[in-house]
Every structure is written in structure tokens, then in C-alpha cells.
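Note that the protein sequences, when read in sequence, are chains U and C. Take 303 as the starting number for the first sequence in my numbering and just add one per residue. Take 119 as the starting number for the second sequence in my numbering and just add one per residue. A short write-up of the structure that comes next.
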Amino acid sequence: MRIVPLGFSTGRRLGLAAAGLLLFFLLVWQPGVGSPGPATSAAAPAAWAAAKTPEGATRTVREPISPIPRRIDYDPAKAELGRRLFHETMLSVDHSVSCASCHDLDGGGHDPRPVSIGIHGREGNMASPTVFNAVFNFRQFWNGRAVDLQEQAAGPLQDPLEMGMSKEEVEQRLSADQDYRTTFGQIYGGRQVRFEQVVDALAEFQRALITPDSPFDLYLRGEAVLQPHQQLGYLEFKELGCVTCHNGVNIGGNSYQQMGVIYPREERKDREIQDRRAITGREADRQVFKVPTLRNIALTAPYFHDGSAADLPEALQIMAHHNLGVELTSQQIFALVAFMETLTGQKPAILR
Amino acid sequence: MNPEREHTATAENHSPGLRAKIYFTIAVALLVGVLFAYYSKQAKEQTTTRLTLMSVLNQLDHQQQELDGEILHSGFFLFHDYDRLHAMLARIDKSLQDTTELYSQVALDKDSPVPELLAAYHASLADKEELIFRFLTANSMLKNSAMYVPGLSRRIMLEHPGISHDYHRLLTDLTSALYLAHNSMDPDLLGAMAQPLEGLAGHRPQNEGLQQLHQALLAHGRVFNKTLPDYNHLLNATMDSSGGKVLNQLQQALQEENRRWLTRLNSLSYLFFAAFMGSVVLIILLLFKTERENQALNRMSNALHRAATRDQLTGLANRFAFDSDQTRCRHPLLLLINIDDFKHVNDLYGVRAGDYVLNELAAIFRQLLPESPWGDCYRLGGDDFGLLLDEEKEQIAAEELARRVLTAVGQAEFNYRDQPIRVNVSLGISRLRPLLETADLVLNEVKKHRLGSFLVYQEELNLQERIAGNLEVLENARRALNQDDVLAYYQPIVDNTSGEIIKYEALVRLRNPDGQVLSPVMFLEVVKESSLYPEFTRRMVDKIFADFADCRYGFSLNLSIADILEKEVRDYIMAKVRDYPEMAQRLTFEILESEGVENVEPVQAFIEQVKAAGCQIAIDDFGSGYSNFAHILQFKVDSIKIDASLIRNIHQDQQARVLVRTIVDFCRQLGIRTVAEFVHSEDVLRVVKELGIDYSQGYHLGQPTPHCRPE
Chain U
303 MRIVPLGFST GRRLGLAAAG LLLFFLLVWQ PGVGSPGPAT SAAAPAAWAA AKTPEGATRT
363 VREPISPIPR RIDYDPAKAE LGRRLFHETM LSVDHSVSCA SCHDLDGGGH DPRPVSIGIH
423 GREGNMASPT VFNAVFNFRQ FWNGRAVDLQ EQAAGPLQDP LEMGMSKEEV EQRLSADQDY
483 RTTFGQIYGG RQVRFEQVVD ALAEFQRALI TPDSPFDLYL RGEAVLQPHQ QLGYLEFKEL
543 GCVTCHNGVN IGGNSYQQMG VIYPREERKD REIQDRRAIT GREADRQVFK VPTLRNIALT
603 APYFHDGSAA DLPEALQIMA HHNLGVELTS QQIFALVAFM ETLTGQKPAI LR
Chain C
119 MNPEREHTAT AENHSPGLRA KIYFTIAVAL LVGVLFAYYS KQAKEQTTTR LTLMSVLNQL
179 DHQQQELDGE ILHSGFFLFH DYDRLHAMLA RIDKSLQDTT ELYSQVALDK DSPVPELLAA
239 YHASLADKEE LIFRFLTANS MLKNSAMYVP GLSRRIMLEH PGISHDYHRL LTDLTSALYL
299 AHNSMDPDLL GAMAQPLEGL AGHRPQNEGL QQLHQALLAH GRVFNKTLPD YNHLLNATMD
359 SSGGKVLNQL QQALQEENRR WLTRLNSLSY LFFAAFMGSV VLIILLLFKT ERENQALNRM
419 SNALHRAATR DQLTGLANRF AFDSDQTRCR HPLLLLINID DFKHVNDLYG VRAGDYVLNE
479 LAAIFRQLLP ESPWGDCYRL GGDDFGLLLD EEKEQIAAEE LARRVLTAVG QAEFNYRDQP
539 IRVNVSLGIS RLRPLLETAD LVLNEVKKHR LGSFLVYQEE LNLQERIAGN LEVLENARRA
599 LNQDDVLAYY QPIVDNTSGE IIKYEALVRL RNPDGQVLSP VMFLEVVKES SLYPEFTRRM
659 VDKIFADFAD CRYGFSLNLS IADILEKEVR DYIMAKVRDY PEMAQRLTFE ILESEGVENV
719 EPVQAFIEQV KAAGCQIAID DFGSGYSNFA HILQFKVDSI KIDASLIRNI HQDQQARVLV
779 RTIVDFCRQL GIRTVAEFVH SEDVLRVVKE LGIDYSQGYH LGQPTPHCRP E
């Protein structure tokens with residue numbers, strides 16, 4: 303629309319303006335009126351119907367255990383930072399320990415000691431579980447008090463027995479370090495390191511700590527066959543009912559179960575055991591823990607939440623007695639151990 | 119007048135208010151347009167979001183059902199991957215997050231039940247998750263025990279065949295009761311387990327192997343018995359979770375909200391449509407208004423046009439209209455009509471009478487105007503009328519029309535207050551531009567020579583060239599006065615009896631810069647009309663007096679009545695006559711009587727004075743034009759010069775001879791001498807002598823020379 307040099311008469315000018323207005327409306331009106339109309343009436347149910355994704359109602363019987371994915375999405379920069387933080391003793395109040403002190407990445411990602419030793423040589427109450435494949439656990443810690451890895455990472459940092467830090471202390475120490483401050487700034491922005499960023503980086507590192515391609519996973523994928531005794535061990539594993547609790551990708555780590563269903567275990571009085579009851583307060587949750595993963599189980603002795611079983615035969619016998627009420631024969635133990643040894647996977651790619 | 123030009127002029131003078139209004143209108147239009155575009159975009163986005171939201175809710179419903187199916191699946195199958203449940207819970211949680219986020223984009227009002235329902239669903243989901251976790255614990259225990267009771271029973275029976283019949287029965291009872299309870303999922307049927315369990319508890323097997331199996335069997339039975347109600351409760355609670363109901367409410371609430379939003383959207387679109395229709399109506403109204411204003415303007419412009427192009431008195435088109443009309447004629451013909459002596463009418467009968475006559479004449483002219491071809495009648499000035507015709511298609515008989523005009527006017531008698539008034543008109547007709555000027559030129563010709571008739575301007579008349587020539591002549595005359603190129607030539611007058619020169623007639627000549635000498639025919643007519651003439655006369659008088667001072671011949675000087683009436687000239691001549699009394703005796707004034715003498719007294723007085731000084735008086739060119747016998751007596755004329763027209767052919771023309779004889783007789787009796795002009799041959803001289811004319815003058819006797827002496 304021309305505005306300044308109008309050289310014609312009033313009538314024609316108004317007419318032109320009116321025509322322009324009309325055109326404008328026609329142009330704008332058509333899509334404006336058109337779009338809400340059909341969308342709300344006839345097209346709507348069709349759209350919703352299309353959105354439905356029909357999933358197979360019938361399922362074929364499949365193995366209750368699934369292989370670890372060969373690759374997992376994670377942010378390399380964050381994971382790399384997490385790896386540094388994982389080994390950072392600055393994160394303990396007396397600079398004595400780091401995450402790696404109690405989670406041996408060269409071993410099973412756990413603490414080979416029955417209980418871990420934190421700052422000032424303080425002993426913990428529970429055995430440190432492995433950090434490998436922790437990302438597949440439905441909850442973290444023995445009693446599942448953390449929903450995800452971030453929440454988990456915040457725990458030991460602030461535990462007075464473990465690293466004894468406060469959020470502020472963590473932020474302050476890392477911000478004081480020029481290198482950390484720069485790296486955090488590059489990844490997360492901002493001039494100061496924040497606690498959430500620290501646990502996020504640690505969690506991102508742990509996401510990367512998966513151990514795929516164990517012999518058993520290869521078997522599950524149909525890429526390898528098991529030895530007869532290993533095969534026998536897997537059959538025993540199912541027949542004995544181990545698999546009712548130890549299933550899923552982590553062969554455990556997806557439900558809470560009681561230790562000593564058939565014959566209750568004697569509790570150690572000298573340690574404060576953090577079972578589900580500590581969370582829910584229900585008596586029925588006494589001695590109830592998150593089922594631990596059996597991945598890399600051959601590497602993660604000693605076993606159980608209290609590190610009370612030194613090797614696999616012992617642990618198997620304990621579990622058979624307390625939770626199944628039976629005593630395993632040596633053949634059974636031999637087969638089961640053979641099966642469990644097939645659960646040792648490849649070292650995480652980020653550690654290679 | 120050109121209406122389009124008029125229109126443009128008004129548009130250019132529009133007020134600044136109008137411009138502001140237009141800008142305002144454009145601004146409003148743009149604003150509405152931007153609002154509409156915004157509305158349209160919002161509508162599109164909201165619709166998309168709402169559709170997605172409904173679809174996500176549907177998906178949520180589906181996922182929930184899927185989860186329930188998976189829970190049942192996990193209870194039904196001994197081997198189950200619990201990860202599947204967690205993955206489903208995670209998907210449901212993701213869908214719920216999506217729902218919340220999508221809803222936050224389209225939330226309408228604060229008192230909507232949707233956020234509350236979303237929170238309730240979230241809470242129910244958390245509850246359900248907790249229930250599922252607990253269910254899984256019970257599920258694993260129950261499944262293992264349900265598996266171990268029959269398995270252990272079988273082992274006892276196989277490994278220890280010596281067991282009592284009663285023990286055997288208890289084992290069977292326990293197994294079947296467990297089977298029934300497990301498969302019916304009915305805690306009421308657990309009662310059937312109590313009796314075999316109690317019975318088995320009473321047994322103390324001695325065999326160590328059997329005891330171990332017995333203990334385990336008993337423990338599993340007890341675990342099953344204890345867990346089944348829990349399991350049953352948890353399963354039902356999980357299934358009956360309020361989630362589904364909340365989800366339904368959520369869907370309904372959202373649908374209701376969608377309906378409300380649609381209504382709002384529609385009403386907004388109606389609003390826009392109303393605005394659109396309003397602007398259309400406004401445009402139509404404006405168009406009407408503009409049309410009305412245009413009509414008013416046209417009426418006004420017509421009125422103005424009429425006022426500007428019409429003569430108020432006669433109602434004829436005026437000069438202004440004529441100017442514009444004639445430019446549009448391809449082949450114009452103008453009859454310029456002037457009332458003869460209209461001043462007389464005004465003077466005699468008064469201006470009102472004059473106006474009356476003008477009006478009546480206008481009516482006559484209008485009537486005379488031919489119907490076809492195109493033409494109009496104009497009043498071009500005080501007493502000037504014009505008939506303008508276009509000869510584009512056919513030639514008009516202009517002369518015929520002019521004659522009709524003359525006749526009509528001649529026959530008309532205008533009675534003003536019982537006083538009959540008659541007028542005559544003269545016409546100048548022209549087809550050549552500039553129309554008015556050319557017509558005026560011929561009209562002047564008519565006025566000068568043939569009053570009361572008409573003349574058609576023709577290229578041959580060369581009036582304009584003549585005007586240009588006149589101006590040239592006057593210029594030359596002025597130059598001649600300044601450069602002393604006004605000459606006096608002298609032609610001898612001879613005595614017919616003695617053959618001797620008795621005097622010379624002084625004749626004016628004008629010398630061009632190239633030395634060529636012009637005769638009076640070439641300039642005198644023009645000079646006489648101009649203001650230069652008195653100076654010319656004076657110059658001639660000076661020269662003659664100078665030339666004849668020391669000469670014995672007499673000499674004559676041509677004077678017109680107009681010269682004599684000019685006081686300046688008269689006084690100048692008188693002064694000369696008085697200063698040179700001897701020369702005055704030899705001087706003759708030849709008075710040209712071409713015009714009638716209206717004011718006789720000054721002429722009479724002058725003649726008496728010069729006669730008293732000894733000068734003689736002659737009448738020049740007698741026998742042509744105005745020949746007044748009374749003047750001959752009145753002016754006491756000494757001689758008369760018989761006109762050349764009578765003398766030129768006198769040797770052949772009998773009638774001329776009779777006429778001349780009469781004049782000579784008449785003069786002889788009165789004692790007046792006669793002179794014959796234009797004696798160009800011996801034959802003429804002979805007849806002149808026979809007729810008894812006293813003197814002769816002509817080329818045969820002597821040509822005019824710059825000297826006053828015979829050759």
C-alpha cells in the first residue's frame with residue numbers, strides 16, 4: 303500500500319484503501335477460518351486414532367533376561383568430566399578418598415572389602431555395590447532410596463562416614479580450581495560450579511559404565527552357544543527359581559525382595575543395616591533389599607549387602623538355604639557358578 | 119471548462135485532516151490485520167497442541183491398560199522380566215510429563231479442574247508404582263513357594279518312600295489346596311491349606327534328610343499361606359488404582375475445555391467477520407457519499423461554468439467562452455457583427471434603450487443561427503456580436519448568412535417606450551486565425567468604406583501585410599525626417615498662350631537610404647494618418663521658402679483641409695508668410711478638397727489671412743471626389759486645378775471635354791484661372807489649349823525636378 307504520494311481524488315483514494323483492506327482480509331481469512339474448522343470436527347477422531355500405536359497383545363514366551371545394549375547414549379564431555387570427578391579426592395572432606403576408592407573400576411566396579419572405609423578411616427555399614435551397569439537398576443542403593451544416578455551420587459558425597467562433604471563445600475572446592483571451573487563453564491555455562499552439575503557429570507560418567515557382550519549376552523543374542531555345564535547352570539538358575547527375582551537386563555536390580563524368606567537370617571547387631579524398612583517403616587520390609595545385579599558377579603566378591611559371603615559357592619548356598627529352603631548339590635553349584643561366570647562382560651568402552 | 123481538470127484541482131487542495139484520516143484508516147487496517155494474523159497463528163498452534171494433548175492422553179490410557187496386562191502377565195508366568203514393568207512405568211511417566219507440559223501451553227483459566235486432575239493422576243501413579251514394587255516382592259515369594267511346595271512333596275515321596283499314609287495324604291492335600299488357592303487367587307480357599315499345614319507341623323520326621331525337606335516344605339507352605347492374601351490385595355489394588363478413573367475425568371475435562379476454547383475461537387472469528395462486513399458496509403457508504411458529493415460538485419461546477427461563460431445582459435456566450443470554443447473548431451467561421459453608431463443610440467435614447475437593443479439583436483442573431491452545423495452566438499464586446507460556426511462537414515454560405523443578418527437587422531424596428539429605434543450593422547467575416555483579429559480587420563475596412571455591409575477576409579487582402587507595410591513606411595518616414603531625406607520636387611506650370619513657365623508646384627518626395635526617391639503614392643497616405651504629418655508639412659514649408667527665396671518664379675504648396683485645421687501648422691505657415699512678404703506674393707496654396715469641410719470657420723479665417731498677405735488660393739483636383747462649388751465662392755478662389763481624371767483622356771473622351779468646357783466657362787465668368795493637370799502628350803495639350811484652359815502642367819511640359827528652374 304502506497305502511503306505518501308497520493309495524487310488522485312479522495313474517492314479513488316478511499317476506494318483503493320478499501321480494496322487493499324478487502325484483499326488483506328481475504329488473504330488472512332482463508333487459512334484462519336479454514337484451519338480450526340475441520341480440525342475440531344471430522345478430522346479429530348481420525349488423528350487420535352492414528353496416534354494409537356497398537357502393540358502386540360499376544361506375546362511369545364521369551365527369556366526373562368535380556369542382553370546389555372552394546373551402546374548407550376551419553377554426553378562424552380560430561381562423562382569425561384565425571385570420570386575426573388570420580389577419581390577426585392578433593393571431593394572428600396579430608397582429601398583421603400574419592401569415588402574410585404570404594405568402586406574399583408579396574409575390578410568389578412565395587413569394593414572388594416566387606417564394608418568400605420571412608421574419611422578418617424571410618425567404616426561403612428554396607429558393602430559397596432558395583433557401579434557397572436548401575437544405570438539399569440530401577441532404583442539405587444541397597445534399599446533403593448535414590449531414584450536415579452544423580453540422586454545416588456549426592457549420597458556418598460554427603461555421608462559423614464563416606465566423604466563427609468556439604469554441597470557448598472563441593473561447589474567451593476571445585477570453583478576454586480581453575481581447571482574445573484573452566485571445564486564446568488564450557489559444559490554447563492556459568493562462572494561457578496554448582497552441586498547439581500557435579501552429580502550430573504558423575505551420573506553421566508556412570509551411564510557410560512556398561513559391560514556389554516558377556517558370553518551369556520552373546521548367547522541371548524544367538525551369537526554364541528554356551529558350554530553344556532553353563533547351559534545346565536542357566537537351566538538350574540531357572541528351575542530353582544532364582545530367576546523369579548534375578549531377571550531383566552541386570553539379572554536383578556528391578557525389584558525389592560526379602561533376604562531369608564524361608565529361613566530368616568540372623569542380623570548383625572554391630573552394623574546399622576539400611577533395609578527397605580528404613581525407608582517405608584513397615585515391619586514386613588525388614589531384611590528387604592533391592593535385588594543386586596548378577597552382572598559380573600564373578601568379579602564382585604564378597605557378596606550380599608554385608609559382604610558376608612566370600613565366594614560364589616558360599617553365596618549360592620546361603621541364598622538356597624534362606625530363600626529356597628534347600629541345600630544345593632555340588633553339581634548344582636558347579637553348574638550355577640559356570641553359568642554365572644558367563645555373565646562377565648566387556649570392560650566399559652570409556653575405561654578402555 | 120474541463121471537469122477532469124477541476125477534479126484534480128480539488129484533490130490537490132485536500133485538507134491535512136483527510137491525510138490524517140487516511141493514515142489512521144491504514145493504521146487501523148494494519149492493526150486489525152496484525153491482530154488477525156496473530157489470532158490465526160494462535161488458533162493454529164492451539165489446535166495442534168490440543169490435538170496432541172488429547173492424543174497423548176489416549177496414549178496414556180492405552181499405556182495404563184498395557185501396564186495392567188503386564189502386571190497380570192508377571193503374576194501368571196513363572197519367569198518374567200520385571201524390567202518390562204519399569205519400562206512401562208517410565209513411559210507412562212514420560213507421557214504424563216508431556217501432558218503437563220502441553221497443557222501448560224493451552225491452559226485457559228485458573229479454576230480449570232485439569233491441573234488438579236493431573237496432580238491427582240500423578241499421585242495415583244506414584245501410589246501405583248509403590249504398589250507394583252510391593253506386588254513384585256510378594257509375587258516372587260508366592261511364585262517360588264507355589265513352585266516349591268509340589269516340588270518338595272514330590273522329592274519327599276520319591277526319596278522317602280517309607281512315609282506314612284497319613285503324611286502322604288497331608289502332602290497331597292497341601293499341594294491340591296495350594297494349587298486351588300493359587301489358581302483361584304481367592305484367599306477364602308486358603309482355609310483348605312490350614313489343616314494339612316497344621317497336620318504336617320505335628321509331624322517330626324526322624325530321618326535327617328526327610329526332616330530337611332519337611333522343614334522346607336512347611337516353610338514354603340507357610341510363606342504361601344501368609345503371602346497369598348497380601349499378593350491378592352496388592353494385585354487387586356494395583357489393578358483398581360484410581361488412575362483409570364482420573365484419566366477418564368481428565369479426558370472429559372479437557373474435552374470440555376476444548377469445547378469452550380472452540381466456542382471462544384468461533385466467537386472471535388465471528389467478531390473478525392463482523393469487522394470485515396462492517397468495513398464493507400463502510401466502503402459502500404463512502405462510495406455513496408463520494409457519489410453524492412461528486413454530483414453536488416458537478417452541479418456547482420456547471421453553475422460556475424455557466425456564470426463564467428455567459429454574458430449577463432443577453433444570455434449569449436461571452437468572449438471567454440468564444441476563446442475556448444474557437445480553439446476546438448477544426449474549420450471555424452466567424453461573423454463579427456458590429457452595430458453602426460451604437461454610441462448614438464446610447465447617447466440619444468439612454469443606456470437602457472441601448473441594452474434593450476442589444477438584447478433584441480441577440481435574439482435575432484440566435485434565431486438566424488443555422489441549426490446544423492454546430493455554431494453558437496457570442497457577445498464579444500460592447501456592441502460586438504459574433505456568430506461562430508464550424509465548417510468541418512459542410513461549407514456554409516457565409517455571404518448568404520451575412521446578408522440575412524443585414525436584412526433581418528435592417529427590417530427590425532425596436533420599440534423602446536414607444537420610441538422606434540432602427541440600427542444597422544456591419545459584418546467582418548473570417549475563416550482564418552486569429553479569427554477575431556482578422557474579422558476585426560475586415561470589419562474596419564467595411565466601416566471605412568462601405569458601412570452597413572460585410573466583407574469576407576481573404577488572404578489576398580493582405581491586411582496584415584499592409585499593416586506591416588504601413589509600419590515600415592512610418593519608420594522610413596521618421597528616419598527621413600531625422601536624416602533630411604524629406605525632399606521638395608518642383609514641377610513647372612506653363613502658360614498656355616505664351617508657353618512660358620509661370621510657376622512651380624512643390625511636390626513632396628522621400629529619399630531612401632540607398633538614394634532611391636519615392637513618390638508620394640508610396641508613403642503620403644500612411645503619413646497623413648500618423649502624427650508625423652504636421653512635421654512633414656512644416657519641413658516642406660521650410661524647404662520651399664528656402665528654395666524660392668532668390669528666384670523670380672511663383673510657387674504653389676499643397677495643403678489639405680486637415681493641415682489647415684491643425685493650428686500648429688496653420689500658425690507656422692502664417693509666421694512664414696508674415697516673415698517673407700515678398701515671397702508671399704508669389705505663393706499659391708493648393709487646397710485639396712478630398713474630404714468634406716465640416717468646420718469651415720478656421721479654414722475661412724486662414725484663407726482670408728493668407729489672401730490678405732498676398733497669397734493666392736487654388737482648388738486642387740477639381741472634378742473628383744468632393745467638389746464643392748460653394749467653397750469656390752466662399753474661399754474666394756484664384757484658380758482651380760482640373761482633376762487628372764478629366765484631362766488624361768480629354769483628346770478622345772467627348773464627355774470629359776464637355777465637362778471641362780463647362781468648368782472653364784463657369785470659371786471664366788467668375789474670373790477664376792484654370793489649370794490642367796496630367797498633360798502627358800501633345801494631343802492633350804492641343805485640346806487643353808482649344809478649350810481655353812489658362813495653364814497646363816504635366817510630364818509633356820516638364821517633370822518634377824529637385825530644382826526650381828527650367829532645364
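We treat Cβ as the ideally placed atom computed from N, Cα and C, and that holds for glycine.
- Taking 8 Å as the cut-off, the Cβ atoms of residue 548/C and residue 458/C do not count as close.
- The way I'd put it, the region 339-351 of chain C doesn't touch the region 207-226 of chain C; fewer than three beta-carbon pairs between them come closer than 8 Å.
- Nearest Cα to residue 817/C within the set 628/C, 810/C, 797/C, 825/C: 797/C.
- Counting only runs that start and end inside the region 428-507 of chain U, the alpha helix (DSSP H) elements of at least 4 residues fall at 451-460, 469-478, 480-490.
- Annotation for residue 665/C: 826 place their beta carbon closer than 6 Å to its own, counting only its chain and skipping 5 residues before and after.
- Residue 368/U has a beta carbon lying within less than 8 Å of a beta carbon in chain C.
- Taking a beta-carbon distance threshold of 8 Å, residue 262/C counts as an interface residue toward chain U.
- In this structure, residue 761/C lies near residue 742/C, with their beta-carbon atoms less than 8 Å apart.
- Within its own chain, the residues whose Cβ lies closer than 8 Å to the Cβ of residue 435/C, once the five positions on either side in sequence are excluded, are 427, 428, 429, 443, 494, 495, 496, 497, listed in chain order.
- Considering only beta carbons, no part of the region 461-480 of chain C lies closer than 9 Å to chain U.
- Contact check between the region 641-659 of chain C and the region 689-708 of chain C: three or more CB pairs, one atom from each, fall below 8 Å, which counts as touching.
- With respect to the C-alpha of residue 173/C, the residue from 216/C, 590/C, 783/C having the closest C-alpha is 216/C.
- Comparing alpha-carbon positions, the option among 648/U, 364/U, 368/U lying closest to residue 513/U turns out to be 648/U.
- The alpha-carbon separation between residue 750/C and residue 769/C amounts to approximately 27 Å.
- The Cβ atoms of residue 528/U and residue 644/U lie closer than 8 Å to each other.
- Straight-line spacing of the CA atoms in residue 419/C and residue 413/C works out to 10 Å.
- Close partners of residue 255/C in chain U (Cβ separation under 8 Å): 557, 558, 559, 560, 590.
- Listed along chain U, the residues sitting closer than 7 Å to residue 265/C by beta-carbon distance are 543.
- Using a CB distance below 7 Å, the part of the region 199-211 of chain C facing chain U consists of 199, 200, 201, 204, ordered along the chain.
- Residue 574/U is positioned such that its CB atom lies closer than 8 Å to that of residue 427/U.
- Residue 533/C is positioned such that its CB atom lies no closer than 8 Å to that of residue 811/C.
- In the DSSP assignment, residue 736/C forms a beta bridge with 708/C, 757/C.
- For residue 430/U, same chain residues with a beta-carbon under 7 Å away, outside a window of 5 residues either side, are 404, 405, 412, 413, 418 in chain order.
- Separation of residue 679/C and residue 625/C (C-alpha to C-alpha, rounded to the nearest whole angstrom) is 17 Å.
- For residue 550/U, the C-beta contacts it makes with chain C under 7 Å involve 199, 200, 201, in order along the chain.
- Residue pairing by DSSP puts residue 605/U in a beta bridge opposite 611/U.
- By the C-beta density criterion, residue 621/U is buried, having at least 16 other C-beta atoms within 10 angstroms.
- Taken in chain order, the whole beta strand (DSSP E) runs of length 3 or more contained in the region 448-521 of chain C are 450-457, 493-497, 502-508.
- Short of 7 Å from the beta carbon of residue 764/C, and not among the five residues preceding or following it, lie these beta carbons of its own chain, in chain order: 741, 774, 777, 778.
- Residue 399/C counts as exposed, since fewer than 16 other beta carbons sit within 10 angstroms of its beta carbon.
- Annotation: the continuous beta strand (DSSP E) that includes residue 628/C extends over 619-629.
- Of all alpha-carbon atoms in 355/C, 503/C, 550/C, the one lying nearest the alpha-carbon of residue 450/C is that of 550/C.
- Between residue 446/U and residue 200/C, the C-beta spacing is not below 8 Å.
- Identification of chain C residues near residue 564/U by a Cβ-Cβ cut-off of 8 Å yields 334, 337, 338, 341, ordered along the chain.
- Contact of residue 629/U with chain C by beta-carbon distance below 8 Å involves 330.
- Think of a sphere of 8 Å around the beta carbon of residue 540/U: the chain C residues whose beta carbon falls inside it are 197, in chain order.
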